[in-house]
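Counting in the UniProt record's numbering, the sequence shown runs from 1 upward without gaps. The C-beta atom is built at its ideal place from N, Cα and C for all residues, glycine as well.
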Amino acid sequence: MKLKLDLFNISVQGTYFGLLSGFLWACNLTLINHIINFPNSLYELGFISIVIFLFTELYALILLIFYKKNIINQIVQQKKTILSHGWFFLICPLGMLCYVIALISMGAENTAIISSIYPVIAVLLSRFILGKKLAFIQYSAIILTVIGIIILSGGIHLDLLSVLGFIFAFSSAMCWGAEAILCDYYSNQKDNIQLFPPELLLAIRYCCSIGLGSIGIILFFIFLKEKIFLTEINLFIFLLKLIPISILSLLSYFCYYQAINKIGAVYAINLNISYMLWVVIFSLFYQSISWETILGASFILFSVITVSLKRNKK
1 MKLKLDLFNI SVQGTYFGLL SGFLWACNLT LINHIINFPN SLYELGFISI VIFLFTELYA
61 LILLIFYKKN IINQIVQQKK TILSHGWFFL ICPLGMLCYV IALISMGAEN TAIISSIYPV
121 IAVLLSRFIL GKKLAFIQYS AIILTVIGII ILSGGIHLDL LSVLGFIFAF SSAMCWGAEA
181 ILCDYYSNQK DNIQLFPPEL LLAIRYCCSI GLGSIGIILF FIFLKEKIFL TEINLFIFLL
241 KLIPISILSL LSYFCYYQAI NKIGAVYAIN LNISYMLWVV IFSLFYQSIS WETILGASFI
301 LFSVITVSLK RNKK
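In structure tokens, the structure reads:
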């Protein structure tokens, strides 16, 4: 009976949402890694990245509209508030676009390693912008996460394309850290009123992503039309393959925003970071794993468990 009651505890729900968001994001990352081949040129890298970015966000928005049929009306009703915070909603799609470029540039494992520094960025923003006091256990978990990332990163061999991927992966981490803290601020319940509920945050984010992706596609066709390699892929089949990626992305972000809403950004981030561990586990099925990967993933797993247990005790 106690277990059943605990399931309705906000902290427990937030923990489950956070862990599930990490698992789903790892599935999404691994699936993209297997569907997409490494690009042959920077032009190809840019075009593939924008197509993936645009259509995965478009599919996800369509799915969200089916789930929340009045979500567009909510956006229209709050358009003034949304426009007044427009700079925030640009951070979200920029982070995703940088992430996709990094993933295509250097693969799933390396992208996961570098992008997973975003908890450190979010914690610093939480401390200095929102003025939140951090407990010792939070600092300890972040330190363990950083150690794990350093160990995992030791085996990366950088070439020209990987350097570009590294830059974009780091940029995505910067955006995600800012996004997490701002989501915590905007979806925080004050007097039972939410400025932006999680579903509305998702819808606004997808609309901004679609706008940004559309601009990118238009610019490609205006200035780089002759460089695009459309004859080398079946665009229809390619777009169909993006549908399951969109579903995983939507579910992961939905769980992530729910976790932020229920337990706050710092705790949600440390649970979401478990995607690193899942990427390592999934990679066991198609490639050999080094001792650095296993040791680094162990540090990250311990960090996630520590934060999760601490939160559930409250």
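- In this structure, G177 keeps its C-beta atom at 7 Å or more from the C-beta atom of I101.
- Contact between the stretch 45-63 and the stretch 210-219 is established, with three or more Cβ pairs separated by less than 8 Å.
- Between the alpha carbons of Y267 and A180 lies a distance of about 11 Å.
- Leaving aside the five residues that flank L248 on each side, the residues in its chain whose CB is nearer than 6 Å to its CB run, in chain order, L24, C27 and N28.
- In this structure, DSSP gives A108 a helical state, which the three-state scheme calls helix.
- Its Cα nearest to that of V12, the residue I260 stands out among I260, Y99, A169 and V280.
- Three or more Cβ pairs closer than 8 Å define a contact, and the stretch 159-167 meets that threshold against the stretch 101-117.
- Under the three-pair Cβ rule at 8 Å, the stretch 53-60 counts as touching the stretch 87-99.
- Only exposed fits W87, as fewer than 16 other CB atoms lie within 10 angstroms of its CB.
- Rounded to whole angstroms, the separation of the alpha carbons of L45 and Q138 is 38 Å.
- When the alpha-carbon of L201 is set against those of I35, L42 and I75, the nearest one is in I75.
- Shown here for S246: same chain residues with a beta carbon closer than 6 Å to its own, the five before and five after excluded, namely T56, Y59 and A60 in chain order.
- Excluding its 5 nearest sequence neighbours in each direction, I151 has C-beta neighbours in its own chain below 6 Å: E292, L295 and G296, listed in chain order.
- Excluding five sequence positions before and after R205, the CB atoms of its chain that fall closer than 7 Å to its own CB belong to F89, C92 and P93, given in chain order.
- Shown here, I204 sits in a helix according to DSSP, grouped into three states.
- Each residue's CA atom was taken as its position, placing I273 and L144 some 12 Å apart.
- In this chain, the alpha helix (DSSP H) harbouring L24 covers I10 to I35.
- Where F196 is concerned, there is no enclosing alpha helix (DSSP H), because DSSP gives it neither an H nor an E.
- Residue burial annotation: F236 is exposed, with fewer than 16 other C-beta atoms found within 10 angstroms of its C-beta.
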